[in-house]
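Asks: Throughout, the numbering used here is defined as the position within the sequence shown, counted from one, plus 36. Don't be surprised by glycine CBs; every beta carbon is placed ideally from N, CA and C. This structure is a prediction, so every number in the text was calculated from the model and none was measured. Okay, handing you the structure first.
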Amino acid sequence: MESGSPSSADLLRPRSKTVILASASPRRQSLLALLGIDFEIVVPDVEELSEGEPAELVVENALRKARGGRALTTPDEVVLGVDTDVALDGALLGKPEDPAAARASLERLAGRTHDVFSGVALIAAGVERTELVRTRVTFRTLTPAEIINYVAGEEWRGRAGGYAVQGLGSSLVERIDGDLSNVIGLPIPALAKMINALQDP
């Protein structure tokens, strides 16, 4: 990189602003921290939708989170809302509530290709911006023992679809087409595009 060129963190950081992350997700917090983005956390009480077209649902849920975060902050803050979920056969799988649901989810995903959708919503200066990101993930064929062992490790808890691609869940995956950071839970390229748009005069 040439001397004086902006770093990746500079490109992702709104000028003189701290991003308000409307999420309790440790993964999103870790990614923002790794990128060097200054952020604060608020956790709005938001009713998330689960029935309907997956691509539309994640964008609407992200916008609801961002709007909920806006209600807890001052009007000049930059608020980020993100919603990520796994879709198969036209429906969201959501986060399994118990080991049996986690096993059932992995059994459905095994040997098939599914979508990971993320809706990203950014509110700044009264303007709402949204983006939809889609990544295709193909699972290899899994044996019943592999599914049982993975679920026993507890990594599925709190994860859409019941797996974590940044952890041992990567061993379940045969192929990823698209943005890996989206599967982890925060699509960095889309976020960079949206934050860079804030810099335009």
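Tell me where the beta strand (DSSP E) around GLY1 begins and ends.
Replies: For the chain, the structure presents residues 37 to 237; residue 1 sits outside this window and is missing.
Asks: So what's ILE224 in DSSP terms, helix, strand or just coil?
Replies: helix
Asks: Using 8 Å as the cut-off, classify the Cβ of THR54 as near or not near the heavy atoms of the ligand ZN, replying yes or no.
Replies: The ligand ZN is not part of the structure shown, which contains no ligands of any sort.
Asks: Are the stretch 121-130 and the stretch 149-161 touching, with three or more C-beta to C-beta distances below 8 Å?
Replies: yes
Asks: State the Cα-Cα distance for the pair LEU67 and ARG170, rounded to the nearest angstrom.
Replies: 18 Å
Asks: Just the Cα atoms here: how many angstroms apart are GLU164 and GLU182?
Replies: Looking at the two C-alpha atoms, the distance is approximately 43 Å.
Asks: Can you pull the DSSP bridge partners for THR174?
Replies: THR149 and ARG211
Asks: Can you check DSSP and say which residues form a bridge with ILE77?
Replies: LEU57
Asks: Please check the pair VAL115 and ILE77, which I expect to be a contact at CB under 8 Å, by giving their CB distance rounded to whole angstroms.
Replies: The pair is not a contact, with the Cβ atoms about 11 Å apart (cut-off 8 Å).
Asks: Since LEU142 and GLY194 should fall inside the 8 Å C-beta cutoff, what is the C-beta to C-beta distance between them, to a whole number of angstroms?
Replies: Taking the Cβ atoms as the reference, LEU142 lies roughly 15 Å from GLY194, outside the contact range of under 8 Å.
Asks: Taking buried to mean at least 16 other C-beta atoms within 10 Å of its own C-beta, is ILE73 buried or exposed?
Replies: buried
Asks: When the Cα atoms are used, what is the spatial distance from GLY221 to VAL118?
Replies: Distance between GLY221 and VAL118, taken at the CA atoms: about 8 Å.
Asks: Give the secondary structure of VAL201 by DSSP, where H, G and I count as helix, E and B as strand, and everything else as coil.
Replies: In this structure, VAL201 counts as coil in the three-state DSSP scheme.
Asks: Given a cut-off of 9 Å, decide if LEU108 and PRO80 are closer than it, judged by their beta-carbon atoms.
Replies: yes
Asks: Grab me the residues of LEU145's own chain with a C-beta within less than 6 Å of its C-beta, minus the 5 sequence neighbours each way, in chain order.
Replies: So the qualifying residues of the chain are PHE175.
Asks: Using beta-carbon positions only, say whether PRO225 and ASP213 come within less than 9 Å of one another.
Replies: no
Asks: Do you know how far the Cα of GLU191 is from the Cα of VAL201?
Replies: 10 Å
Asks: If VAL55 and PHE75 are in contact, beta carbons under 8 Å, what's the gap, nearest whole angstrom?
Replies: Correct: roughly 4 Å between the Cβ atoms.
Asks: Taking its Cβ as the centre, do 16 or more other Cβ atoms sit within 10 Å of ARG106, making it buried, or is it exposed?
Replies: buried
Asks: Does ALA161 come out as helix, strand or coil in the three-state DSSP assignment?
Replies: In this structure, ALA161 counts as coil in the three-state DSSP scheme.
Asks: Spatial neighbours of LEU99 within its chain, please: CB distance less than 8 Å, with the 5 preceding and 5 following residues excluded, ordered by chain position.
Replies: Short of 8 Å from the beta carbon of LEU99, and not among the five residues preceding or following it, lie these beta carbons of its own chain, in chain order: GLY117, GLY155, ALA157, GLU164 and THR166.
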